[in-house]
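Worksheet for the structure shown next.
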Amino acid sequence: GDSVTQMEGPVTLSEEAFLTINCTYTATGYPSLFWYVQYPGEGLQLLLKATKADDKGSNKGFEATYRKETTSFHLEKGSVQVSDSAVYFCALMAGSSNTGKLIFGQGTTLQVKP
Amino acid sequence: GAGVSQSPRYKVAKRGQDVALRCDPISGHVSLFWYQQALGQGPEFLTYFQNEAQLDKSGLPSDRFFAERPEGSVSTLKIQRTQQEDSAVYLCASSAQSTGNQPQHFGDGTRLSIL
């Protein structure tokens, strides 16, 4: 079945460092891909999305490119801030889905130190 | 309200008790989802409603789990005869349309602990 695999955390970086969180997926057809973020004490929030191959989603300085050839959707940010400390979830929605249910990875905790 | 509201935020129950978790979606949202998030894991799909119709319940782990949305707005997830493995955060999400292109808005979840 469809699945999402993320790099294990925690990822610990210093402020202004470059961030990459790897995400790969397995799915039939043409899924839509998402990154969600969960800040401490808060609910899941959509960070960015891409709905077809080669699309780049971007928001708040974060980017991810839908790579069908490598079945990947890695999250990147050029310069992280302490306020980016959170848990990041990669997710897919199957292209054949008529419900919109999401399949999530296990999450990657990011800790940014000043 | 402005967002998806879930209650209670925390629920502690003894094994064998029944529990009911409530979700108030964003007003007017057609689609409603329930997910279960175990500690240190990503959310896992439980069930989906389009208005009052439960169109997908493939993720419900056993017949002890039951969800309803009788008037197409508020939804309740009920767990009967709770077991320790039911301990998790239960998340509710809603989206504006019935297709998958609309973003899902999540509530803060109900953290359920079974003793």
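Quick note, the sequences are listed as chains X and C, same order. Residues in the first sequence are numbered from 20 upward in steps of one, following the working numbering. Residues in the second sequence are numbered from 136 upward in steps of one, following the working numbering. Every residue, glycine too, gets a C-beta built ideally from N, C-alpha and C.
Do you know how far the Cα of residue j is from the Cα of residue i?
i	j	result
Q189/C	L174/C	27 Å
K149/C	F180/C	25 Å
V139/C	T217/C	25 Å
K146/C	Q172/C	15 Å
E95/X	V224/C	28 Å
G28/X	N41/X	11 Å
V30/X	D198/C	39 Å
G244/C	C227/C	7 Å
G163/C	E34/X	41 Å
T24/X	G194/C	19 Å
G151/C	V165/C	33 Å
L38/X	A83/X	11 Å
E203/C	A36/X	47 Å
T89/X	D153/C	46 Å
P196/C	R246/C	17 Å
What are the boundary residues of the beta strand (DSSP E) that residue i is part of?
i	result
G76/X	K75 to N78
I214/C	S210 to I214
K96/X	L94 to K96
G168/C	The sequence as given places Phe at residue 168/C; Gly does not occur at that position. Where F168/C is concerned, the enclosing beta strand (DSSP E) stretches over S166 to Q172.
K68/X	L63 to A69
I161/C	No beta strand (DSSP E) holds I161/C; DSSP gives it neither H nor E.
F184/C	E179 to Q185
G52/X	In the sequence as displayed, the identity of residue 52/X is Leu instead of Gly. Its beta strand (DSSP E) spans residues S51 to Q57.
Q189/C	A188 to D191
L250/C	No beta strand (DSSP E) holds L250/C; DSSP gives it neither H nor E.
Y44/X	C42 to T45
S230/C	A223 to S230
F201/C	F200 to E203
A148/C	Y145 to A148
S140/C	S140 to S142
E88/X	Here E88/X belongs to no beta strand (DSSP E), and DSSP marks it neither H nor E.
T217/C	No beta strand (DSSP E) holds T217/C; DSSP gives it neither H nor E.
Would residue i and residue j be called neighbours here (beta carbons separated by less than 9 Å)?
i	j	result
A155/C	K192/C	no
L65/X	Q239/C	yes
G242/C	Q141/C	yes
T70/X	S91/X	no
L32/X	V131/X	yes
G97/X	T47/X	no
S210/C	R144/C	no
P160/C	Y170/C	no
L67/X	F81/X	yes
E168/C	K120/X	One detail in the question is off: residue 168/C reads as Phe in this sequence, not Glu. Yes, the pair counts as a contact, with Cβ atoms nearer than the cut-off.
S104/X	P59/X	yes
I249/C	S230/C	no
Q219/C	T118/X	no
P133/X	V101/X	yes
A72/X	Y44/X	no
Cβ-heavy atom distance between residue i and the ligand MN below 8 Å?
i	result
H240/C	In terms of ligand content, the structure shown is empty, and the ligand MN therefore cannot be addressed.
Query - Given 8 Å, three or more beta-carbon pairs between the stretch 120-131 of chain X and the stretch 76-84 of chain X - result: Using a Cβ-Cβ distance cut-off of 8 Å, the stretch 120-131 of chain X and the stretch 76-84 of chain X are not in contact, since fewer than three pairs of beta carbons, one from each stretch, lie closer than that value.
Report task. For the stretch 98-131 of chain X, list the beta strand (DSSP E) runs that are entirely contained and at least 3 residues long, ordered along the chain. Result -> 105-112
Report task. Evaluate the contact criterion for the stretch 97-113 of chain X versus the stretch 48-66 of chain X: three or more CB pairs, one atom per stretch, below 8 Å. Result -> The answer is yes - the stretch 48-66 of chain X touches the stretch 97-113 of chain X, with three or more Cβ pairs under 8 Å.
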